[in-house]
Structure formats: C-alpha cells, structure tokens
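Engineer: So that we are looking at the same thing, I have put the structure below in structure tokens.
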Amino acid sequence: MDTLISLNHTLTELQRILREYCNYLNLYADGSHCKLIISDDRNRYLVIDEGWIENKRIHALIFDAEIRNHKIWLHHDGLDHEITDDLIAAGIPKEQIVLAFHPPHIRPHTGYAIA
4 MDTLISLNHT
14 LTELQRILRE
24 YCNYLNLYAD
34 GSHCKLIISD
44 DRNRYLVIDE
54 GWIENKRIHA
64 LIFDAEIRNH
74 KIWLHHDGLD
84 HEITDDLIAA
94 GIPKEQIVLA
104 FHPPHIRPHT
114 GYAIA
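According to this note's numbering, the residues represented by the sequence shown are 4 to 118, in order.
Below, the structure written as structure tokens:
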C-alpha cells in the first residue's frame, strides 16, 4: 500500500474510532462529556472527559496520540478497551503503532513498532 494512502487510511480510521468512542461515552454521560480534540497541523489526537458530577469538577485526559513518521504513537490510552484492537481490525498493522506509554527498552517485547 502506498505510504500516503496508508497514512490517509490511518488518520481516517483513528478519527473514526475516537469519534465512535466519544459518541458512545456521551450516550451514558452523567454530567461529564467526552470531547475529541484533533490538531491536524500538529498531528495530535486527544480525548478528554470534562464537566461536573454533582459538585465535583471533572477534567481528565482519556487518550493521547500523535502521528509521527507515518506511525500512530499512543502516549496515553485510558479507554475502557484496547484501542490497538480497533486499529488492527481497521487494517492498521502493528508495525505502524508505537506503544509510547511503554519505555523504549520494553517496546521490542510488545509486538508493536519500537519507534
């Protein structure tokens, strides 16, 4: 697959998966709301939970990823399921996914891209 097509596919699928996740969470939200923040110029994708539950302020990072060197770098994955499963099911190979929340010396043992 051409690198540009592969990158476009990767971006499209990542955005689709994150939108579906936020839509699902917002169906069951009880005062807080899931927000997807996309920065195309910085290749950054964030999911945050924000709002109020009773008198408590909620503002939490759920997910943080960036596209670097045509790979998805997962910096934080606090989703209630493994997003890697969804990415692989969408046709994105493990070689294009970096589990950046693991230290570099652990990554060779994950089955995913090292960097």
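All C-beta atoms in this analysis are idealised placements derived from N, C-alpha and C, irrespective of residue type, glycine included.
In this text the structure is predicted, and so the values were computed from the model without any measurement.
From A92 to D83, what does the alpha carbon distance come to, in whole angstroms?
Structural biologist: Approximately 17 Å, taken between the alpha carbons.
Engineer: Alpha carbon to alpha carbon, how far is R19 from L30? Give it in angstroms, no decimals.
Structural biologist: Straight-line Cα distance between these residues: approximately 17 Å.
Engineer: What residue ranges within the region 51-82 form continuous beta strand (DSSP E) runs of no fewer than 3 residues, ordered along the chain?
Structural biologist: You should have 59-71, 74-80.
Engineer: How many angstroms separate the CA atom of H105 from the CA atom of D33?
Structural biologist: Looking at the two C-alpha atoms, the distance is approximately 32 Å.
Engineer: D52 to R110, Cα distance in whole Å?
Structural biologist: Cα to Cα, D52 sits roughly 28 Å from R110.
Engineer: Nearest by alpha-carbon distance to T87: which of L21, C37, L28 is it?
Structural biologist: Nearest of L21, C37, L28 to T87, Cα basis: L21.
Engineer: Can you tell me the Cα-Cα spacing of R71 and A103, whole angstroms?
Structural biologist: Near 11 Å, if we compare the C-alpha coordinates of A103 and R71.
Engineer: Classify I56: buried if its beta carbon has 16 or more other beta carbons within 10 angstroms, exposed otherwise.
Structural biologist: I56 is exposed by the Cβ-count criterion.
Engineer: Going by DSSP, what residues sit across from R47 in a beta bridge?
Structural biologist: According to DSSP, R47 bridges with S42, E69.
Engineer: Using 10 angstroms around the beta-carbon of P35, count the other beta-carbons present and answer buried if the total reaches 16, otherwise exposed.
Structural biologist: Reading off the sequence shown, one finds Ser at residue 35, where the question assumed Pro. By the neighbour-count rule (16 or more Cβ atoms within 10 Å), S35 is buried.
Engineer: Does H112 come out as helix, strand or coil in the three-state DSSP assignment?
Structural biologist: H112: helix per DSSP, three-state reduction.
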